[in-house]
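Trainee: Just dropping this structure here.
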Amino acid sequence: MIKHNPVSSLAEGGPSRSQRLQLAVILGAIATIGPLSIDMYLPALPELSVYFGTSPAMVQLSLTFFLLGLASGQLVAGPLSDVHGRRTPLLIGMIIYAISSLLCAFSPSIGLLVCLRFIQGLAGSVGVVISRAAVRDMYSGSELTRFFSLLMVVNGLGPIFAPVIGGQLLRVTDWQGVFVVLFVCGLLFAAVILLRLPETLPKDKRIQSGLAGTLRTFRTLLRNGRFMGNALSQGFVTAAMFAYISGSSFVLQIIYGVSPQMYSLIFAVNGFGIILTGQVAGRLSAKVGERKLLVCGLLLSTAGGILLLVTLLAGGGLALILPCLFAVVSSVGLVGTTSFSLAMQDQGETAGSASALLGLLPLLLGSCAAPLVGLGGSGSALPMAIVIAGAGLLSVLSYVLLCRGESRP
Numbered sequence: 013m014i015k016h017n018p019v020s021s022l023a024e025g026g027p028s029r030s031q032r033l034q035l036a037v038i039l040g041a042i043a044t045i046g047p048l049s050i051d052m053y054l055p056a057l058p059e060l061s062v063y064f065g066t067s068p069a070m071v072q073l074s075l076t077f078f079l080l081g082l083a084s085g086q087l088v089a090g091p092l093s094d095v096h097g098r099r100t101p102l103l104i105g106m107i108i109y110a111i112s113s114l115l116c117a118f119s120p121s122i123g124l125l126v127c128l129r130f131i132q133g134l135a136g137s138v139g140v141v142i143s144r145a146a147v148r149d150m151y152s153g154s155e156l157t158r159f160f161s162l163l164m165v166v167n168g169l170g171p172i173f174a175p176v177i178g179g180q181l182l183r184v185t186d187w188q189g190v191f192v193v194l195f196v197c198g199l200l201f202a203a204v205i206l207l208r209l210p211e212t213l214p215k216d217k218r219i220q221s222g223l224a225g226t227l228r229t230f231r232t233l234l235r236n237g238r239f240m241g242n243a244l245s246q247g248f249v250t251a252a253m254f255a256y257i258s259g260s261s262f263v264l265q266i267i268y269g270v271s272p273q274m275y276s277l278i279f280a281v282n283g284f285g286i287i288l289t290g291q292v293a294g295r296l297s298a299k300v301g302e303r304k305l306l307v308c309g310l311l312l313s314t315a316g317g318i319l320l321l322v323t324l325l326a327g328g329g330l331a332l333i334l335p336c337l338f339a340v341v342s343s344v345g346l347v348g349t350t351s352f353s354l355a356m357q358d359q360g361e362t363a364g365s366a367s368a369l370l371g372l373l374p375l376l377l378g379s380c381a382a383p384l385v386g387l388g389g390s391g392s393a394l395p396m397a398i399v400i401a402g403a404g405l406l407s408v409l410s411y412v413l414l415c416r417g418e419s420r421p
């Protein structure tokens with residue numbers, strides 16, 4: 013029987029329907045720490061450039077270093093959660109996140125802000141990687157895909173509401189107020205973890221080995237062609253999205269004259285596409301199969317990127333550009349849900365380490381894509397389109413080379 017204490021372990025049984033919904037809300041909300049930290053301050057990027065008297069590329073480094081922290085931190089947080097359980101590392105990470113967010117708000121220079129954003133990303137990575145590992149603790153197969161699609165609903169609300177909230181905050185405050193709100197979010201997440209989140213990894217299923225065992229686990233995963241094919245496919249699609257995240261605020265607001273509030277609305281619509289395609293994956297996974305759905309997502313991302321590049325080269329307007337961006341962003345829900353499930357099928361007690369690599373690769377590739385978008389300055393949309401189209405093609409290439417001919421799990 014499952015204990016009724018909300019913070020007890022789920023070791024003695026699977027979660028009930030009400031507990032599953034509660035866990036989806038909690039884990040999904042915690043997983044939004046990345047989108048919240050990225051998307052909420054996107055409308056303020058041009059303001060940051062003026063405030064610190066620096067170039068758009070320098071301001072975009074604050075995004076790049078946050079992504080580097082979010083990526084590298086997972087390599088530590090994931091294995092730690094395999095050894096010490098999910099709940100305690102998660103609580104510590106949220107406390108550090110709250111403190112670093114508050115320090116970002118009072119940063120006197122762009123250089124210090126970039127450094128603090130890296131620390132903020134390290135702490136936020138704990139929420140991203142452990143929330144996914146906790147899902148694998150409870151489910152596998154098509155059940156894992158369905159629950160992860162439910163998680164995507166909650167997680168997808170972050171990209172929808174974060175830029176809207178950020179745009180509205182800029183009406184009454186400045187960029188510093190955005191980081192104060194992130195500080196409050198960190199405290200709320202820590203309180204929820206302390207009071208309502210149960211432990212999903214019982215002590216008898218935790219890994220007892222130290223650093224050497226962790227390195228062996230990573231080496232095994234890196235040599236697993238099926239795992240890496242799914243991970244890289246997801247990674248390049250996510251890199252395309254981060255190219256959009258990094259460049260769209262400048263492209264839409266400066267080149268096409270979109271207001272911060274309208275930009276937030278456009279960003280929210282694209283975020284809704286992630287939820288929509290994630291739910292399609294969850295509902296059709298048992299009938300169609302995760303593999304076919306993944307291929308559809310990869311083709312959607314690639315087609316959207318190529319059409320975006322062609323549209324810009326042909327001098328197309330905003331009405332033609334926005335559907336292309338919607339296709340690129342919405343494909344993340346389809347690819348992310350199915351590739352995660354397929355990559356985690358064979359992972360049990362190493363779910364934390366596997367989740368870390370699945371989180372590392374997209375963010376590492378995304379952190380490389382973000383500054384490339386700014387190399388052409390704020391007066392051209394072509395660099396963003398080239399990076400998005402290139403990332404889509406690489407996602408398809410990764411799948412063809414590493415997953416082609418793979419039998420259905």
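Residues 13 to 421 (my numbering) make up the sequence shown, in order.
All C-beta atoms, glycine included, are put in the ideal place defined by N, C-alpha and C.
With a CB to CB cut of under 8 Å and the five nearest residues on each side skipped, what residues in its chain are close to L354?
Mentor: Closer than 8 Å at the Cβ level, and outside the excluded window around L354, lie R238, N242, E302, R303, L306, P421.
Trainee: Could you give the DSSP three-state label for S121: helix, strand or coil?
Mentor: Three-state result, S121: coil.
Trainee: Please classify A397: is it buried, with 16 or more other beta-carbons within 10 angstroms of its beta-carbon, or exposed?
Mentor: The residue in question, A397, is buried, as its Cβ has 16 or more Cβ neighbours within 10 Å.
Trainee: Pick from M253, L394, T349: whose alpha carbon is nearest that of G378?
Mentor: Selected option, being the one with the closest Cα: M253.
Trainee: From S84 to I142, what distance separates their C-alpha atoms?
Mentor: Each residue's Cα considered, the two are about 14 Å apart.
Trainee: Quick check on G97: does DSSP put it in helix, strand or coil?
Mentor: Here G97 sits in coil by DSSP.
Trainee: For L337 versus L394, is the C-beta spacing smaller than 8 Å?
Mentor: No.
Trainee: For I219, which three-state DSSP category applies?
Mentor: Here I219 sits in coil by DSSP.
Trainee: So, is K15 buried or exposed, given that buried needs 16 or more other C-beta atoms within 10 angstroms?
Mentor: At K15, the pLDDT of 40 sits below 50, so the modelled position is not reliable; the number obtained from the coordinates is stated separately. Flag for K15 reads exposed.
Trainee: With distances taken Cα to Cα, identify the nearest neighbour of P374 among P68, T289, T76, F284.
Mentor: The shortest Cα separation from P374 among P68, T289, T76, F284 belongs to T76.
Trainee: Taking all protein chains shown into account, decide if A381 is buried (16 or more other Cβ within 10 angstroms of its Cβ) or exposed.
Mentor: The residue is buried, with at least 16 neighbouring Cβ atoms inside 10 Å.
Trainee: Check whether the region 189-201 and the region 32-50 are in contact - that is, three or more C-beta pairs closer than 8 Å.
Mentor: With the cut-off at 8 Å, the region 189-201 and the region 32-50 touch.
Trainee: To which residues of the same chain is F118 closer than 8 Å at the C-beta, ignoring the five residues directly before and after it?
Mentor: Once the five neighbours on either side are set aside, the close Cβ partners of F118 are Q188.
Trainee: In angstroms with no decimal places, state the Cα-to-Cα distance between G402 and C415.
Mentor: Each residue's alpha carbon lies about 20 Å from the other.
Trainee: Report the CB separation of G317 from G404 in whole angstroms; it is logged as a contact under 8 Å.
Mentor: The Cβ separation is near 4 Å, so the contact holds.
Trainee: Measure the alpha-carbon distance for P18 versus A146 and round it to whole angstroms.
Mentor: Any reading at P18 needs caution, since the residue's pLDDT is 45, under 50, leaving its predicted position unreliable; the model's value is listed next. Near 15 Å, if we compare the C-alpha coordinates of A146 and P18.
Trainee: With DSSP as the reference, label S407 as helix, strand or coil.
Mentor: DSSP places S407 in helix when its eight states are reduced to three.
Trainee: Under the three-state reduction of DSSP, which class applies to A401: helix, strand or coil?
Mentor: The answer is helix: DSSP assigns A401 an H, G or I state.
Trainee: Excluding the 5 residues flanking T212 on each side, which residues of the same chain have their C-beta closer than 7 Å to its C-beta?
Mentor: Answer for T212: L22, R98, A146, D149, M150, listed in chain order.
Trainee: Measuring alpha carbon to alpha carbon, tell me which of V184, R158, D51, F64 ends up nearest S121.
Mentor: The candidate whose alpha carbon is nearest that of S121 is F64.
Trainee: Looking only at its chain, what residues have a beta carbon closer than 8 Å to the beta carbon of L332, apart from the 5 residues adjacent to it on each side?
Mentor: Cβ within range, chain order: T323.
Trainee: What I want to know is whether the C-beta of A393 ends up closer than 7 Å to one or more non-hydrogen atoms of the ligand PLP.
Mentor: The ligand PLP is not among the ligands present in this structure, which contains no ligands whatsoever.
Trainee: Suppose you measure from the CA of S30 to the CA of G269; what does that come to, to the nearest Å?
Mentor: Going by the C-alpha atoms only, they are around 46 Å apart.
Trainee: Going along the chain, which residues of its own chain have a beta-carbon closer than 7 Å to the beta-carbon of S161, five neighbours each way excluded?
Mentor: Closer than 7 Å at Cβ, skipping near neighbours: G290, Q291, A293, G294, T349.
Trainee: Taking contact to mean 3 or more Cβ pairs, one atom from each stretch, closer than 8 Å, check whether the region 243-250 and the region 54-73 are in contact.
Mentor: Cβ pair count under 8 Å is below three, so no.
Trainee: Going straight from the alpha carbon of G139 to that of M106, what length do you get?
Mentor: For G139 and M106, the distance between alpha carbons rounds to 7 Å.
Trainee: Please name the residue in L406, L409, V193, L33 whose C-alpha comes closest to that of L209.
Mentor: When only C-alpha atoms are compared, the closest one is L33.
Trainee: Flag this pair as yes or no: are the beta carbons of R129 and F78 separated by less than 8 Å?
Mentor: Yes, they are a contact pair.
Trainee: Using three-state DSSP, classify Q273 as helix, strand or coil.
Mentor: Correct three-state label for Q273: helix.
Trainee: Considering Cα atoms alone, identify which of Y275, T157, L387, Q273 is closest to V356.
Mentor: Inspection of the sequence shows that residue 356 is occupied by Met rather than by Val. Of Y275, T157, L387, Q273, the residue nearest in Cα terms is T157.
Trainee: Please report the distance separating the alpha-carbon of S67 from that of K217.
Mentor: Approximately 50 Å, taken between the alpha carbons.
Trainee: Under a three-way DSSP split, which group does V19 fall into?
Mentor: The predicted model places V19 with a pLDDT of 49, which falls under 50 and marks its position as unreliable; any figure quoted below should be read in that light. V19: coil per DSSP, three-state reduction.
Trainee: State the DSSP-derived secondary structure class of N236, mapped to helix, strand or coil.
Mentor: In the structure shown, N236 sits in coil (DSSP, three-state: anything other than H, G, I, E or B).
Trainee: What first and last residue would you give for the alpha helix (DSSP H) that runs through Y63?
Mentor: Per DSSP, Y63 belongs to the alpha helix (DSSP H) from 57-64.
Trainee: Using C-beta distances below 6 Å, list every residue in its chain close to V408, excluding the 5 sequence neighbours before and after it, in chain order.
Mentor: Cβ neighbours of V408 beyond the five flanking positions: L310, T314.
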